[in-house]
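Under my numbering, the first residue of the sequence shown carries the number 1285, and numbering increases by one thereafter. Here is the structure we will look at, set down as structure tokens.
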Amino acid sequence: MIYRENINYGDDLSLYKYKNGIIVNENSQQVHSNPLMWIEALELFFQKLFFSEINVKSIKAISGSAQQHGTVYLNNKFEEKVNNLDPNTSLVDQLKDSLSRETSPIWMDSSTTKQCKEIREKLGGKKKVIILTGSDTFERFSGPQIRKFYQQNPQKYGNTKIIHLISSFLASILTGKKAPIDYGDGAGMNLMNIKQKIWDENALNATAPNLKEKLPPLTESYKIIGNISQYFIKKYNFSPETKIIAWSGDNPNSLIGTGLIKRGRFAFSLGTSDTYFGYLQKLQFDMKGEGHIFGAPTGDYMSLICFKNGSLAREKIKDDYNLTWEEFSNILNKTIPGNYGRIMLPYFFPEIVPIVLQPKVFRFGFDENDMEANIRAIIEAQFLSMRLHSDWIEEKPKKIYATGGASANKEILQIAADIFKTPIIKYEITDSAALGAAFRATYSYYITQNSNLKWERLIDSFMKEQKQEKINPTLTNGPLYDDMLQIYDKFEKFVLKNAENPEIYRKEFIQKYY
Ligand code: ADP
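Spelled out as structure tokens, the structure:
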């Protein structure tokens, strides 16, 4: 049985008065959230579950997914309090004195450029950091965020007994004791040795003093970390036998939730930002430092690249021309592949891949007044950029699964399929992170019951029941997009790296195809 419940921070927890649950300080690029709001959301979820048609006692195992990278800072009261929760009062009332930092930096925060630079230098440069931790230092990653806290508030840092990721923090509340961090979420911190899957002494020392003693241990993501605590048994009627499985970050959970457990399976998540991620059997690195390697819940690895100009940029163009998504799609349908050689570099907002700090949109062969050209140009640019910047991944996609809000748009997916020359599969299910957590809980529960359940059987049997649509690439467009990719690359280098003006190649492209 599938039970689904949504809690909206803005509507359901409106007392906090945060739009979308985040606290934004535009000037300092700081984006935080309030851990007390997360605790209240967790309690509200269990209240709703208790009053639902679900037989809570029959729940065998629970895992969860939390936004990756965010950190929660706890004082020396937390462990005792979480271990002795009284079911007659609320979680938030009992835990509110346990924070050593009132707010938590989250993945949208980009305020730690200074700390990224310092850690990168201390570890011997970009290449070393990549090989050590799986990623270059990134502003949103936990290590640079911890360093900033230590530098700005050494006293509060000193009063911090435990630094949890959001995933391990919430798992700790469920088990009533310090929960470990799984290898998937742990790889988004710039602190874990990606080969050995242990906290790396050099990375810890480059980040902040006495850090190791503040971090929970690391674990496999299929680890059963304990039973549910008395608080939930007494208050919400759980069975004392309910197992808690390590929680993980939204990215590793989405890998499983979209069924990426085999070589050649990749996915786009076309949400506020766009991400492109895939299953890797073998560890490899993006030495340019744009992509990331995280642990996969299957015990292998995953690659992920995040593009900030995703739906927000598409939406900006749609709104600038006052269109509905249907009108936007109709224009994509009637304009032609290659857009008559018009190239856009779509940095409507600061971009992570490639790094663009000052947003600016570059147009070659057209201007802002040509609505149709702009609409086709942004979609072609986004997927050309995705193909170009994922070139380092040795595994090549055989199928790409599409999730996220914009995956509802078939015209966008058709262009993506043509540019990647790969079929795109669209599932009905969009909550891939939550689904991935449910898959992980099921898998862990069964393997500890001596079942020989295989990931493939679990996922494929579930996915088979889902409605899916396949969008095949138009193979005749392949050569055109191969050529356009080369030109896009040259324009990117022209604008960002002062390479020579590639206008002559664009003219040749126009002559060849139009
Ligand atoms: P997130 O989970 O990152 O907040 P979602 O995956 O829910 O975001 O995606 C939301 C985005 O989906 C919206 O910002 C909107 O721009 C986009 N979206 C919704 N419907 C369509 C559509 N038909 N075509 C293209 N984009 C769409």
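The beta carbon of each residue, even a glycine, is placed where N, CA and C say it ideally should be. Given the structure is predicted, the values throughout are model-derived calculations rather than measurements.
Beta-carbon gap between residue i and residue j smaller than 9 Å
| i | j | result |
| --- | --- | --- |
| L1488 | P1621 | no |
| E1712 | Q1750 | yes |
| P1757 | G1548 | no |
| A1325 | T1526 | no |
| A1657 | F1650 | yes |
| H1316 | T1387 | yes |
| L1475 | T1417 | yes |
| S1532 | G1688 | no |
| I1709 | I1684 | yes |
| Q1642 | P1630 | no |
| F1362 | S1347 | no |
| S1419 | G1541 | no |
| A1690 | G1594 | yes |
| S1557 | L1616 | no |
| S1613 | I1696 | yes |
| N1359 | K1303 | no |
| M1279 | I1306 | A question about residue 1279 goes unanswered here, because the residues of the chain that appear run from 1285 up to 1798. |
| L1502 | I1482 | yes |
| L1407 | A1490 | yes |
| F1330 | K1519 | yes |
| A1350 | D1534 | yes |
| T1559 | I1589 | yes |
| L1299 | I1291 | no |
| I1512 | S1523 | yes |
| K1507 | A1530 | yes |
| M1768 | E1652 | no |
| L1564 | I1677 | yes |
Residue environment, residue i, which counts as buried when at least 16 other CB atoms sit within 10 Å
| i | result |
| --- | --- |
| M1473 | buried |
| M1571 | exposed |
| F1425 | buried |
| R1626 | buried |
| R1598 | buried |
| R1404 | buried |
| R1385 | buried |
| Y1287 | exposed |
| A1783 | exposed |
| T1706 | buried |
| E1497 | exposed |
| Q1352 | buried |
| D1484 | buried |
| N1761 | buried |
| P1319 | buried |
| K1602 | buried |
Residue i Cβ short of 8 Å to ligand 1 heavy atom set
| i | result |
| --- | --- |
| E1599 | yes |
| T1714 | yes |
| L1719 | no |
| N1535 | no |
| L1554 | yes |
| A1692 | yes |
| L1596 | yes |
| W1609 | yes |
| S1557 | yes |
| I1800 | Absent from the structure is residue 1800, since the part of the chain shown begins at 1285 and ends at 1798. |
| F1800 | With the chain covering only 1285 through 1798, there is no way to say anything about residue 1800. |
| F1522 | no |
| G1689 | yes |
| F1746 | no |
| S1317 | no |
| F1362 | no |
| S1349 | no |
One or two residues paired with residue i in a DSSP bridge
| i | result |
| --- | --- |
| K1683 | R1549 |
| H1448 | V1356 |
| W1483 | M1476 |
| Y1560 | F1552 and I1589 |
| S1275 | The question about residue 1275 has no answer, for the chain in this structure spans 1285 to 1798. |
| K1644 | Y1631 |
| A1350 | G1533 |
| L1697 | BP columns for L1697 are empty, so no partner. |
| T1503 | D1466 |
| V1308 | V1315 |
| A1345 | K1527 |
| N1511 | K1527 |
| E1753 | K1710 |
Neighbour flag for residue i against chain C, beta carbons, 9 Å
| i | result |
| --- | --- |
| V1308 | The displayed structure is made up of one protein chain only, and chain C is not part of it. |
Three Cβ pairs or more, each shorter than 8 Å: is that satisfied between the stretch 1668-1682 and the stretch 1718-1730?
Taking a contact to require three or more Cβ pairs closer than 8 Å, the stretch 1668-1682 and the stretch 1718-1730 do not qualify as touching.
Report yes or no: do the stretch 1600-1620 and the stretch 1672-1679 share at least 3 C-beta pairs separated by less than 8 Å?
The stretch 1600-1620 is not in contact with the stretch 1672-1679.
Touching by the beta-carbon criterion (3+ pairs, under 8 Å), the stretch 1422-1441 and the stretch 1389-1398
Taking 8 Å as the limit for Cβ pairs, the verdict is that the stretch 1389-1398 does touch the stretch 1422-1441.
Would you call the stretch 1579-1586 and the stretch 1457-1469 in contact, with 3 or more CB pairs under 8 Å?
Counting Cβ pairs under 8 Å, three or more are found: they touch.
Are there three or more Cβ pairs, one per stretch, closer than 8 Å when the stretch 1690-1706 is compared with the stretch 1724-1739?
Contact between the stretch 1690-1706 and the stretch 1724-1739 is absent: fewer than 3 CB-CB pairs across the two stretches fall below 8 Å.
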